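Here my numbering is used: the first residue of the sequence shown is 966, the next is one more, and so on. Comments concern the structure below.
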Amino acid sequence: MSEAEKKLSLEVSRIRELTPRIRAYELRSTINTELPLVTPGSHLTLLFKTKIGKIEQRHFSICSNPNQRDFYEIAMLHEESGNSEFVFNDVAVGSQFECNIPSNNFHIHADASPAVLIAGGIGIASIISIAYTLSARGRRFSLYYAGRSKNEMAFVDELQKNVARHVHFYSAADDQRLDIMQVLADAPGNAYFYTCGPQKMLADIETSARLLGIAKDRIQQEYFYSQEQASDKAVVLELAYSNKLIHTKPDQPLLAALRDAGVNVNFDCCVGDCGTCAVKVLEGEPEHRDHVLSEAQKAQGFMCVCVSRAKSEKLVLAL
Ligand code: FES
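Set out below in structure tokens:
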């Protein structure tokens, strides 16, 4: 497939207010063609021009029915900083975007084993289509969905209507705490886990699973990055082979800083799941935040520049 064939041109055909801070955007082909078939839990990478004319990209889960070929619906959380500000204020019905062909980090198990789905906040946008698919297949599953408050949790009514007997809601405002360790401990021994949420939740799941002896290959995770969680400091990137020095801004992904400086680094998922953006660190200490590199690869000095940061003030990269 050529680079051009890997792109889709989509237009916003409807906007739904899901919560005060979450909107759903329905996207259709600008040339009225059927959209590529997606699998449950797929995501779409939107490319768009910011107010200052910079091309940015963001990764969004497709929350519509995966069998739907005439449109995709994505959900977006409004944050005070970052690109969502631009989308919330400026994108309207009729706005057009270029997107990469959807891809998927989740692969639903084929056998009849039960599934445990865990979603935190906007992470429900990834998990909802998995829940509906398992429900349609008559599979045994439970969905644990935690958020700040019921009012701020998207799709609550829809889930109550469609999969009420499978879903458990946890609203922090109502003192309902999702006990990850308990959920994992209570899960059937042959269960598969599909999880999406903030970094801390996924780290808790990893730790609890390790303590309970749950095999890694039974757990699939998708991490979403929130501007509100970020408190990252600026990093200096020295490119050993191209003799460049790049000063990243605080909170600016290293991948974005590299590409802004004209450095051609390959990438795909942008959430630390695929490993496409891995580069070798020659000096300095990375802070790994990906979910894909093995300990051996990290020991060899590789890091995923889409999500990982630096513990040291400077990293010297083999670029
Ligand atoms: S682009 Fe996929 S891990 Fe970085």
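Glycine included, C-beta positions come from ideal geometry on N, C-alpha and C. These numbers come from a predicted model, not from an experiment.
Three or more pairs of CB atoms, one per stretch, sit closer than 8 Å, so the region 1150-1163 contacts the region 1082-1091.
Nearest to ALA1096 by alpha-carbon distance, out of ASN1065, GLU982, PRO1005, LEU1210, is PRO1005. Leaving aside the five residues that flank ILE1073 on each side, the residues in its chain whose CB is nearer than 7 Å to its CB run, in chain order, PRO1005, ILE1095, THR1098.
In the three-state reduction of the DSSP assignment, TYR990 falls in the strand class, which pools E and B. The residue among ASN1208, ALA1090, PHE1036 with its C-alpha nearest the C-alpha of ARG979 is PHE1036. Judged by DSSP secondary structure, GLU1248 falls within the beta strand (DSSP E) whose first and last residues are 1243-1248. Take the alpha-carbon of LYS972 and the one of CYS1064: they are about 6 Å apart. Around the Cβ of LEU1011, a 10 Å sphere holds 16 or more other Cβ atoms; the residue is buried. In the structure shown, SER1007 falls within a coil segment according to DSSP collapsed to helix, strand and coil. Less than 9 Å separates the beta-carbon of HIS1008 from that of HIS1024. In the three-state scheme derived from DSSP, where H, G and I count as helix and E and B as strand, GLU1278 is classed as coil.
When C-alpha distances from SER1277 are compared across CYS1239, VAL1200, ASN1127, ALA1264, the shortest belongs to VAL1200. CA-CA distance, LEU1204 to LEU1210, rounds to 6 Å. At a threshold of 8 Å, GLY1266 does not count as near the ligand FES, since its beta carbon sits no closer than that to any of the ligand's heavy atoms. Closest by C-alpha distance to SER1100, out of ASN1030, THR984, GLY1059, is ASN1030. Taking 9 Å as the cut-off, the beta carbon of ILE1145 is found closer than this to the beta carbon of SER1173. Taking non-hydrogen atoms of the ligand FES into account, the C-beta of LEU1220 is found less than 8 Å away from one of them.
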